[in-house]
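To start, the structure itself, in structure tokens.
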Amino acid sequence: MTTVSISLGRLQSPDAPELRPLREAGLDLTIGRGLPTTPVSEVIENLRGCAAVVAGGEPYTAEVFRACPDLKLVARFGVGYDAVDVPAATEHGVVACTTPGTNDWAVADHAIGLIIDLAHNISRADRSMRRGEWQPSPGVDVWQKTLGIVGLGRIGKGVARRARGFDMRVIAYEPYPDQQFVAANGIELVSMDDVFRQADFVTLHLPAMPETTKIVNAEKLALMKTSAFLINTARGKVIDEDALYAAVRSRRIAGAGLDAWTTEPLDTDRWYALENVVVTPHSAPATAGVWAVTWEMISRIVLARLRDEQPEGMLNPEVWERRRA
């Protein structure tokens, strides 16, 4: 029987209804933890004899691929793949896939939610009332303010569409812009520095890669208005968290809404004392709709690869082309 590992914390049993298509295909399913902090040794142990894995945030390194010769597929649940060493997967003939287009609407919703929360002090007021206080805290407007988007891919585009409902001026930095979308939505393309200089709300929608690591640093934060807010629903690695902590703690910027972290689960409580920061546990894509649509795509990917058919969402199509040659 072919074995597939499922490394997602929300699934506790191979009998979960989401896994029905895989069970009905006669696959043997095992469950792993799927945390970014999972040791490589544990990842290897979970993958012993597995032909495919539905990956969470755990690391897939060259060591993992060397130790798991039966592995044919790493299917990342979601669109981020910074935990997967794609060149190493390619070297070992392992197809790596993501599920593009399955969570952009939810992450865009979450980004807008963080903006509104910060502007209207919603979380702060909630905490205050739970302490028995009645102290309305003046907020700021979102209506007709300037939204700066760094990264105008699927999620960035979704945020831009939503911003139109607030009559916002939208500026964006995107090295490879969809000019038709930009024109249709009245977006102003500017440099990254100008996004930080001009925006009342800066929202990040960048992938985690070497060139974007800590791209938001003390220098970028120093460009922001003291009344501006930073939103991150992308990846924690794109921010220098120490620099951001210093900026929000000193009120160099007005505040931040953070859903992505350099280390997950979060390994410090320093953010919790800051009233001008709203924190969420990388939950932007955690909606019922995203869960259902992603599982549909994941199931198609796994079954296609195990049937020796070309799967969707490949990150390294050269593996497929090489094996077909």
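Heads up: the sequence shown begins at 288 in my numbering, then just goes up one per residue. From the three backbone atoms N, C-alpha and C, an ideal C-beta is built for every residue, glycine too.
For this session: In angstroms with no decimal places, state the Cα-to-Cα distance between R297 and D369.
Result: 20 Å
For this session: Mind reading off the beta-carbon distance from G319 to I293? Whole number of angstroms is fine, and I expect it under 8 Å.
Result: 7 Å
For this session: Name the residue from H569, V373 and G388 whose alpha carbon lies nearest to the alpha carbon of A349.
Result: V373
Exercise. Anyone know if the C-beta pair for A398 and T520 falls short of 7 Å?
Worked result: yes
For this session: Identify the continuous alpha helix (DSSP H) that holds I614 and give its terminal residues.
Result: The displayed coordinates of the chain run from 288 to 612. Any statement about residue 614 would go beyond what the structure contains.
For this session: State the Cα-Cα distance for the pair I502 and M511, rounded to the nearest angstrom.
Result: 14 Å
For this session: Go ahead and pull the three-state DSSP assignment for L491.
Result: strand
Exercise. With a Cβ-Cβ cutoff of 7 Å, do D481 and I442 count as a contact?
Worked result: no
For this session: Go ahead and label T581 buried or exposed: buried means 16 or more other beta carbons lie within 10 angstroms of its beta carbon, across all protein chains shown.
Result: buried
Problem set entry | Cα-Cα separation between I549 and I588, rounded to whole angstroms | In the sequence on display, residue 549 carries Thr and not Ile. Between T549 and I588, the C-alpha separation is close to 29 Å.
For this session: Using the Cα positions of G531 and M479, report the straight-line distance between them to the nearest angstrom.
Result: Before going further, note that residue 531 is Leu rather than Gly in the sequence given. Approximately 17 Å, taken between the alpha carbons.
Problem set entry | Inter-residue Cα distance where the pair is T389 and L561 | 33 Å
For this session: Determine the extent of the beta strand (DSSP E) in which F516 is found, giving its start and end residues.
Result: F516 to N519
For this session: With A362 as the anchor, note down where its beta strand (DSSP E) starts and where it stops.
Result: L360 to R363
For this session: Spatial neighbours of A354 within its chain, please: CB distance less than 6 Å, with the 5 preceding and 5 following residues excluded, ordered by chain position.
Result: I331
Problem set entry | Contact the stretch 590-608 vs the stretch 564-573: 3+ CB pairs below 8 Å | no
Problem set entry | Segments of 4+ residues assigned as alpha helix (DSSP H) that fall wholly inside the stretch 498-538 | 505-510 and 528-536
Problem set entry | Residue from P494, V525, D396 and G542 with nearest C-alpha to F516 | G542
Exercise. Are C337 and M601 closer than 7 Å when you measure CB to CB?
Worked result: no
Exercise. What residue from L295, L491, R449 and L334 has the CA that sits closest to F352's CA?
Worked result: L334
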